[in-house]
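Chains as they are written, first to last, in UniProt numbering: chain V, 1 to 318; chain L, 1 to 318; chain D, 1 to 318; chain G, 1 to 318; chain U, 1 to 318; chain A, 1 to 318.
6 protein chains.
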Amino acid sequence: MNSDLKKGIGQVTIGDSYDGFLLIREATKGLTSNGKPFLTLILSDATGEIEAKLWDSTKEDEATFIAEQIVKVSGEVNQFRGKAQLKILSLRPAQPTDGVHVSDFIEKAPIEKDRLIEKLTEAIFEMQNPTLQRIVRAFIKKYQEALLIYPAAAKNHHDYASGLAHHIVSMLAIAKEMHKLYPELNKDLLYAGIILHDIGKVKELSGVVTTTYTLEGKLLGHIPMMVEEIGMIAKEMQIEGEEVVILQHLVLSHHGKPEWGSPKPPLVREAEILHLIDLFDAKMNMLNRALDKVNPGEFTERLFAMDNRSFYKPLFEE
Amino acid sequence: MNSDLKKGIGQVTIGDSYDGFLLIREATKGLTSNGKPFLTLILSDATGEIEAKLWDSTKEDEATFIAEQIVKVSGEVNQFRGKAQLKILSLRPAQPTDGVHVSDFIEKAPIEKDRLIEKLTEAIFEMQNPTLQRIVRAFIKKYQEALLIYPAAAKNHHDYASGLAHHIVSMLAIAKEMHKLYPELNKDLLYAGIILHDIGKVKELSGVVTTTYTLEGKLLGHIPMMVEEIGMIAKEMQIEGEEVVILQHLVLSHHGKPEWGSPKPPLVREAEILHLIDLFDAKMNMLNRALDKVNPGEFTERLFAMDNRSFYKPLFEE
Amino acid sequence: MNSDLKKGIGQVTIGDSYDGFLLIREATKGLTSNGKPFLTLILSDATGEIEAKLWDSTKEDEATFIAEQIVKVSGEVNQFRGKAQLKILSLRPAQPTDGVHVSDFIEKAPIEKDRLIEKLTEAIFEMQNPTLQRIVRAFIKKYQEALLIYPAAAKNHHDYASGLAHHIVSMLAIAKEMHKLYPELNKDLLYAGIILHDIGKVKELSGVVTTTYTLEGKLLGHIPMMVEEIGMIAKEMQIEGEEVVILQHLVLSHHGKPEWGSPKPPLVREAEILHLIDLFDAKMNMLNRALDKVNPGEFTERLFAMDNRSFYKPLFEE
Amino acid sequence: MNSDLKKGIGQVTIGDSYDGFLLIREATKGLTSNGKPFLTLILSDATGEIEAKLWDSTKEDEATFIAEQIVKVSGEVNQFRGKAQLKILSLRPAQPTDGVHVSDFIEKAPIEKDRLIEKLTEAIFEMQNPTLQRIVRAFIKKYQEALLIYPAAAKNHHDYASGLAHHIVSMLAIAKEMHKLYPELNKDLLYAGIILHDIGKVKELSGVVTTTYTLEGKLLGHIPMMVEEIGMIAKEMQIEGEEVVILQHLVLSHHGKPEWGSPKPPLVREAEILHLIDLFDAKMNMLNRALDKVNPGEFTERLFAMDNRSFYKPLFEE
Amino acid sequence: MNSDLKKGIGQVTIGDSYDGFLLIREATKGLTSNGKPFLTLILSDATGEIEAKLWDSTKEDEATFIAEQIVKVSGEVNQFRGKAQLKILSLRPAQPTDGVHVSDFIEKAPIEKDRLIEKLTEAIFEMQNPTLQRIVRAFIKKYQEALLIYPAAAKNHHDYASGLAHHIVSMLAIAKEMHKLYPELNKDLLYAGIILHDIGKVKELSGVVTTTYTLEGKLLGHIPMMVEEIGMIAKEMQIEGEEVVILQHLVLSHHGKPEWGSPKPPLVREAEILHLIDLFDAKMNMLNRALDKVNPGEFTERLFAMDNRSFYKPLFEE
Amino acid sequence: MNSDLKKGIGQVTIGDSYDGFLLIREATKGLTSNGKPFLTLILSDATGEIEAKLWDSTKEDEATFIAEQIVKVSGEVNQFRGKAQLKILSLRPAQPTDGVHVSDFIEKAPIEKDRLIEKLTEAIFEMQNPTLQRIVRAFIKKYQEALLIYPAAAKNHHDYASGLAHHIVSMLAIAKEMHKLYPELNKDLLYAGIILHDIGKVKELSGVVTTTYTLEGKLLGHIPMMVEEIGMIAKEMQIEGEEVVILQHLVLSHHGKPEWGSPKPPLVREAEILHLIDLFDAKMNMLNRALDKVNPGEFTERLFAMDNRSFYKPLFEE
């Protein structure tokens, strides 16, 4: 949609003017200190988001400019309380003839869906333990579509379309190398754990556009839901044997500690390693995305999920 | 088995002599500082347990005097390192003709099994929400036998035969009164939660004689196992509706905090109240049993599960 | 004051108009970004409170519209930054002829004072230990009036007129039933502990209208103040015996842990149970009031005193 | 009692022989692995203590060699499980004609009682606020005798006869200098707080010989007991004014944090400083006593009350 | 600069008018809700700071009124959201002919630089251990100039010009008295530790005007930097012996606990005492400055570095 | 030394007899309850260790059988208090003619020294940043010999000869693969951090035979010692630039959190990743060694450095 020369909304700087299509993420009504109504809009594309105020908004505006509506907007980027804000000069809802789609405005994994599914399939193909392989196949069959759409989290890491599959595929790549360096690891168990550990997110989260938690997600969480579902699928497929309980344990313990949501800590080697690989990939994802936004010699914004630390990009990172 | 006049092994004091049948709980081989073999036996009846040493033990002794064997023993109660120890004068394994059974040597709930099952049935009968009632009935049908045998925990509270059912029945009695005082409570939901909250113990623990944790118990724990089983039973019975997920939430959250084993804290009124009633009954059970063993003006032994506190029994407790 | 048909200020929704008397809880002067003065008023009745702005306020307005003043106001309920705000159309101070009183605007316990005092008297009458009974009688005699006016806390639970007495009476009802279920409990000690445990609030808090902490309250707190006063009253009445120190211990330990304000944890059975009953009633009060404000299928606002949790009201709560 | 040339029991080393009078601190009966009775005795003088075994003990021995009995003993110092142990060669109870007294065997403050009382009197004399001075005088009058006998703690710091007075006098000396360096400090308030802060130990602890906790000490602790007593004495003396509550606050908050036993943290400048001076003197006392026992280049034993640290004595401490 | 009669900006109250020179600490551009630009200025002198708004600011204003610029301002003190705000009536940058200097607008230690250096020299002169004395002299020679300019911290305690030297000199005074009261202390070691413990702040902080952290300060912190520098200086001066490592230990451990920035806790007596004296002086400094700003009977603002406590100034502080 | 058929002392089971050379790790004198002297010996070879008692030991025995002495021993493996114990039948010190060496009895890394140094050299050769490469080369030159002898820790992980080099080489292998998967990582910085992060252990620990902490190790720890040494070497080599401080930061922060010994948490991407790789390799090492000792279906002993967890080896680990 945007020409090659055009900056995304996450890339504009104070003083830029902007003209293009954006997706409304949130729309909230307010009153100025003089009692006049206005709308606060969060507008986004795949590169980021910006706040904008629509002054003297009418009832009609309130009904038109709502979350998940695409709009054509032109304006100027100002600063308000230290943050960029778009001063709206013109605004209209997108028309069918504009040829724009919600999916154009959402950040995506840097790897194509086809490639992700190919990688996933390769890993399952490598597995030799038939029990683990059958369970994994059943899950992939059931959840493949959602897996390629869902983010891996509502925010923090891999919070973009196909983020869940991207996270799994990256973890599988680490696991493959770790298994070469530490051949004691049971690769099949580790692969199975990686593929299933976060699939419960598909039931915990509402989707990728305006990601919220489902009722089940709030009251049970993705971990117990997956433990339950592994048990059910194994029962349906009449699979028995220690693999089932061990795989449930890997999912159950992958947050590492009770206070982080795992009622049992890892008590099997591959459970511990799954937890570490999960940490590793999630942290790399957060670090790389935050450091991409700053220049050498600068610190990133504070990263909430990394103990609120702000990271430095050395000058010798040319 | 013991005559009315006879003290149980948990009631003897230093200097007493003892003659009767006891159950071996543990038997461990040792060597004296002179290199001679001996057996350390933990001997018990329904009133308590005592340590005994069998000096100069033979290979045959080692094969005979093993855990879960009943023995006829006579001896004297001495003190060793501040604890009572039975000095063995004679010892032989029980014979079929002695007419003694393992169940005679195990502490039991102070209420008969029949009465417990009656109370449980009454509570289920009171329930009006058909969904909750059907799920609860299915569980009771499946687990009734084990429920009346199992303890509620490996140690600390209700750690005796039928302890699990005793704990449930006591909690139901509290819930009934609380519902009268606070009619906002959903009695059916609370009853269902109480009856199911700890049934997973039947899969987590090995039984009542020498209670240990099963593999599933160690790797998953009774809470996620029950969440899974509620899901499975609801599916089998084709039950749908919010009751299922709410009931799973009650079980999941009944330990109150992630660091105590509940990945979600209580987020429904009855979940919070279930947690409090569970605490209330478990603590009353521990307090009453510990205070029963001391005289007014004395402190109890330290209670590990109550932050290692030692409780005082006032002098005016006549 | 309000007609049957009229909504209280805690019940209005966005878009409603409002016309009636309200009590000013807080009045703060501000300046608009154009440098013009205005007043921010927190207006309340027994059902709740709302914020309102009085634009272009004069010096006279600042002197008139102050905390604890009753006003006649008409206006419209708008939304500002996600919260309801009253747009003032007309405003005047109440006149003597309006026949309104501060006490009309304050939330009250759902049980009448007479009934509360009757319940309290019944409980004292049931007590059989003369020492405990005499101490309790002395306190009730001294503090009866304040007890029926004070809230049980500045906020969170039972924070309304007669809240303190309401909390005590509810706890006595629980204790009565618990004593039936667990006859080992010393009812007299438990009753005495319940009646006295929070009476120190009368010295810790300033009153019921705009509840703040007294200097003594800030520097000592209600717990040590009550321990001291029990000692003094016992001395004056020449009461001796273990009851005095045990009762002081019940008050001292009723918050359960040092980090919650009890320098000693409960070390007597009834002290532990007093702590649990206190928790139970305070939590029921907070839960019921928060859930009353939402519909089935919704979550409550976050409850600060319950670990900031937000509770769900199931759909099957018809 | 011991000649100048003789080592105290805290000074002997492995291989020494010992002949002299010692006080029995504890006497416990045991049985050897051959079933023979023996007594484990903890024997002490003012320099320290040692364990000894009396083999083949008789009923008469058990009745004779009990706690707080002085004995004449000769033996050799051996090592057992890494600790010194006295091998008893001869043992008899002390006779009146031996001219030995329990007080000879107890460690004492390094400053004489007369000097301690003199220092205390000087400080009170310096005080200018009549209210604070009157309260302090009343307490000293009431507790002077006990103050000069009691230790400041059952163990850790100043755990010797007159330890309480020694601790107070040392703290007063620090306060005097601090007031010179920081004249903003209210010296009278600080002096009053120092003198009263730990006097409750006189009611919390049983005495100086075999120091245990009283029932009041266990259930209430010295801090609330003193807060109560300051209130009572002020009432008796008809003293009013903020000094009373501020002084109660200093005592209440002197442990610094709720989890250390102060339900309120210091909220007055002198309360904070009292807490720091208390820490300072207690730590100096523990450090000096532990470092006295080791040579330069060595580490002390672990000090439990100092986070279990072991301190190094530098080589350049000549 | 200010006449004797004139209030500093930290002393004005609501309603005062102000006319004088102030230093701009921060200048931030904003937009009103009507989209008009304005500047938010933080203006300060040695007595404190105030916020001011410059409405309808021009590009030229933005270039002129920047941090570290001195301005001549007249205006009125209003209240905005509970805080004082200066309403600007006139504003111009200072001219060379105004004869004002940045140093006039910065708070200073209450003791003159000459006196501070004199006190420091006296302490070094008192030292008798030649190794410690040589190291200290080398540091003072290297850092004397910065030491007399730098604050001891970016905020909280001694956060004013010469604050670092003031803190050191105050601590030396305490150490001198403590050594008299506890002669076991090694005075030379304690003096050396005090003088060096915070000198790393000179490398950690940017300076005294707008104090920020340097890159080294953020990535390493003043403690490891000083440990390194003591090692380097000792190597350059070819000093060997345990003094070097002990002195490094004193610096390393002076924050007391790992979670407060000391990877090793104090393990030498003087290290523990250095930590306590540091606490003592820092707390006295914060307390005295906060209490100076309030009247008897009032509480101070919350002190972040003292666990966010608010301290009470008793009425009897005349 | 041991024939192929012979079990190492870490491999014997109860009932085995043993005949061979072992190294005395510890020798402690004790007294039986009959007062007879004996020696408790900890005997080891490269496979593990066992306790043995030498009864009725003579003064000569005490002088002969001391730590680090090699002995020829024959005996039988019994059980004592649940642990294996060697019953000594004959014992003599090794003779020069026995041809045994201390290094034969110490566990070694599973990779040869030559191979380790080769791997290390390869990694340095791959580095392209000349500053980082020069610093690393200087350290390797200085510490190469010790690096190949020292363990990586006194216990827990890589606690064997060449353990330090083994740990570094394993981490470099992980880093190489991670750099391929996440090319944003600065490989040179990561390699430099890995090679230097633990070299301070060479100064912190006493060596490999009976590993204890040096005085410097106890008072400063390996982390600040290395930060200091990087600074010194950079200064000597006249290296400047951000690489030095960043590399010091990587070493300083590699324990991840202040409470784990890093006064600054990782604030540079490669610092965070170094911390994770360190965790990863240390945990793999502990897990593999513990799981090697158990059979499928069993749990390992508790691993102190892994939160005291005991890990399960699944049955399907054929």
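Where is the CB? At the ideal position from N, CA and C, for every residue including glycine.
query: Less than 8 angstroms between CB atoms is the rule here; does D/Gln238 satisfy it with respect to chain V?; result: no
query: For D/Ala161, list the residues DSSP reports as bridge partners.; result: D/Lys108
query: For a contact defined as C-beta to C-beta under 8 angstroms, what are the partners of A/Leu279 on chain V?; result: Leu276
query: Compute the Euclidean distance between the alpha carbons of L/Leu147 and L/Met237, then round it to the nearest angstrom.; result: 22 angstroms
query: If contacts are defined as beta-carbon pairs under 8 angstroms, then L/Ala192 and L/Leu132 qualify, I think. What distance do you get, rounded to the angstrom?; result: 4 angstroms
query: Let me check one thing: in DSSP terms, what residues is D/Gly193 bridge-paired to?; result: D/Gly193 pairs with nothing; no bridge assigned.
query: Relative to the C-alpha of U/Leu252, which candidate in U/Gly241, U/His275, U/Glu184, U/Pro96 has its C-alpha closest?; result: U/His275
query: Do the CB positions of U/Val73 and U/Leu91 come within less than 8 angstroms of each other?; result: yes
query: 8 angstroms is my cut-off, CB to CB: does A/Asn2 come that close to chain V?; result: With a pLDDT of 40 at A/Asn2, under the threshold of 50, the modelled position of this residue cannot be trusted; read the value that follows with caution. Not closer than 8 angstroms to any Cβ of chain V, the Cβ of A/Asn2 fails to qualify, so no.
query: Consult DSSP for G/Asn78 and reduce its assignment to one of helix, strand or coil.; result: strand
query: Would you mind sorting G/Gly75 into buried or exposed? The rule is 16 or more other CB atoms within 10 Å of its CB.; result: buried
query: Please give the ranges of any alpha helix (DSSP H) in the UniProt domain "HD" (167-283) of chain U, keeping only runs that are unbroken, at least 4 residues long and fully inside the region.; result: 187-197, 201-204, 215-219, 222-236, 242-253
query: Is it true that the segment 261-279 of chain G meets the segment 210-223 of chain D, where meeting means three or more beta-carbon pairs spaced less than 8 angstroms apart?; result: yes
query: Please report whether the beta-carbon of V/Leu39 lies at a distance below 8 angstroms from any beta-carbon of chain E.; result: The structure shown contains no chain E; the protein chains it does contain are V, L, D, G, U and A.
query: So who's on the other strand from residue 321 of chain V, going by DSSP bridges?; result: The structure shown does not extend to residue 321 of chain V, since chain V is modelled only from 1 to 318, so the question has no answer here.
query: Whose Cβ in chain V lies nearer than 7 angstroms to the Cβ of U/Gly193?; result: Residues of chain V passing the Cβ test: none, with the nearest at roughly 31 angstroms.
query: Between A/Met225 and A/Glu216, is the Cβ-Cβ spacing less than 8 angstroms?; result: yes
query: Compare the C-beta of V/Lys29 against all C-beta atoms of chain D and say whether one is closer than 8 angstroms.; result: yes
query: What separation, rounded to the nearest whole angstrom, lies between the Cα atoms of A/Lys176 and A/Ser170?; result: 10 angstroms
query: I need the DSSP call for U/Ser17, collapsed to helix, strand or coil.; result: strand
query: I want to see whether chain V comes within less than 8 angstroms of L/Glu76, judged by CB atoms only; does it?; result: no
query: What do you get for U/Phe311, buried or exposed, if any count of 16 or more other CB atoms within 10 angstroms of its CB means buried?; result: buried
query: Could you tell me the alpha carbon to alpha carbon distance between L/Arg302 and L/Asn308, rounded to whole angstroms?; result: 5 angstroms
query: Closer than 8 angstroms, CB to CB, is D/Lys201 near chain G or not?; result: no
query: On a CA-only basis, which of G/Leu250, G/Glu68, G/Ser17, G/Gly10 is nearest G/Val77? Give me that one, please.; result: G/Ser17
query: Secondary structure at A/Arg115, three-state DSSP: helix, strand or coil?; result: helix
query: In the structure shown, what three-state DSSP assignment does U/Pro96 receive?; result: helix
query: Under the rule that 16 or more other beta-carbon atoms within 10 Å means buried, what is A/Thr300, buried or exposed?; result: buried
query: Along the segment 215-230 of chain G, where does the CB come closer than 9 angstroms to a CB of chain D? Name the residues.; result: Leu215, Glu216, Lys218, Leu219, Leu220, Gly221, Ile223, Pro224, Met225, Val227, Glu228, Glu229, Ile230
query: How long is the line joining the alpha carbons of D/Leu116 and D/Ala109, rounded to whole angstroms?; result: 10 angstroms
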